[in-house]
Structures are given as C-alpha cells and as structure tokens.
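Using our numbering, you'd call the opening residue of the sequence shown number 25 and step up by one each time.
A short write-up of the structure that comes next.
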Amino acid sequence: MSAEQTLILVKPDGVARGLTGEILRRIEAKGYRITGLRMLTADRELLAAHYEEHQGKPFYEPLVEFMSSGPLVAVRAEGDRVIEGFRSLAGTTDPTGAAPGTIRGDLGRDWGLAVQQNLVHGSDSTLSAERELGLWFS
Ligand code: IDP
Numbered sequence: 025m026s027a028e029q030t031l032i033l034v035k036p037d038g039v040a041r042g043l044t045g046e047i048l049r050r051i052e053a054k055g056y057r058i059t060g061l062r063m064l065t066a067d068r069e070l071l072a073a074h075y076e077e078h079q080g081k082p083f084y085e086p087l088v089e090f091m092s093s094g095p096l097v098a099v100r101a102e103g104d105r106v107i108e109g110f111r112s113l114a115g116t117t118d119p120t121g122a123a124p125g126t127i128r129g130d131l132g133r134d135w136g137l138a139v140q141q142n143l144v145h146g147s148d149s150t151l152s153a154e155r156e157l158g159l160w161f162s
C-alpha cells in the first residue's frame, strides 16, 4: 500500500515572517517526506476551489484576500497517517489556544488577525487531501 499523502500550505504570513524553513524542518523532523514543493501567489479562482466549504461564511472574503496577498508555499507530504499527524503538528486553528510544541502554538501570533493568519493549512481527511492535491499539484 502506498503511503498517505497530504497537502500542506505555508500561508503568506509564514513566508513573510521567514518561517518557511522552520515549518519544513518540523515536517521532515517528524519523519514525513516532502515529495512536492511549489512557491506561488495563489489567485482567487484557486482559493475559491480550495476553500469551497467556507464560501458564504463571514471570514471567507477576508481569508481569500489574505491568502492571495503574497507568495505561499504548497507542500505535498507523505508518510503513515500524515494527514492526522500534520494536523497535530499544526495545532488548533486559533494560535492563542494552540498547545506549545505545535507550529501555531510556538510560532503563531497572538495579535490582530491571529485566527486568520495562523501560518499553515493541512488537509483534514483523505478525501480533502486528494481533492486539494489535485488543485495545487495538478
Ligand atoms: P483549519 O485551517 O484549522 O483546518 P478551518 O476551520 O478549516 O481551520 O478554517 C480554514 C481557515 O480559515 C483557518 O485556518 C483560518 O485561516 C481561517 N478561519 C477559520 N475560522 C476563522 C475565523 O473565525 N476568523 C477568521 N479566520 C478564520
């Protein structure tokens, strides 16, 4: 059986703050393999497809605005249970409440748009991972 794959994004705040290397280091240090890497500035069309489940929510428009505001890094990572494992590494959505030791808990901001600018995205299920990898690594 081939290993599980997930889509990880280092969001524009992570790239702007110079944390790309630190985030990739944590992914590799956990034992996951990086099998795809792209730096790009995402357009609204790609983000609309990526965040399809959030369309219509109050945070959707500002989120798309933020995610298209500068370069981000898309990562395809592989490993046993990497989907769940990376979500553990990332920590909870709101960095203020994220556990120390996690990416959001250690590096996430506690000011301003903290919940929106929370450094990383990780697919939340095998179905989402397959769909999202198709969007970012087609
Ligand atoms: P997740 O990234 O932890 O899986 P989701 O609920 O899927 O969180 O939300 C997707 C992204 O939307 C979050 O990572 C965050 O950037 C943004 N977001 C979620 N909830 C809020 C909110 O209440 N205010 C602002 N942004 C939010």
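All C-beta atoms, glycine included, are put in the ideal place defined by N, C-alpha and C.
Check                                                                                             : Outcome
Cβ separation of L31 and L64, assumed to be a contact under 8 Å, to the nearest whole Å           : Wrong, their Cβ atoms sit about 13 Å apart, outside the cutoff.
Ordered list of alpha helix (DSSP H) runs contained in the region 39-88, each at least 4 residues : 44-53 and 68-74
Limits of the beta strand (DSSP E) - the one that R128 falls within                               : Not the beta strand (DSSP E): R128 falls in the alpha helix (DSSP H), residues I127 to L131.
For L113, three-class secondary structure by DSSP                                                 : helix
heavy atom of ligand 1 below 6 Å from V34 C-beta                                                  : no
Host beta strand (DSSP E) of A101 (start-end)                                                     : L96 to E102
L33 - containing beta strand (DSSP E), residue span                                               : Q29 to V34
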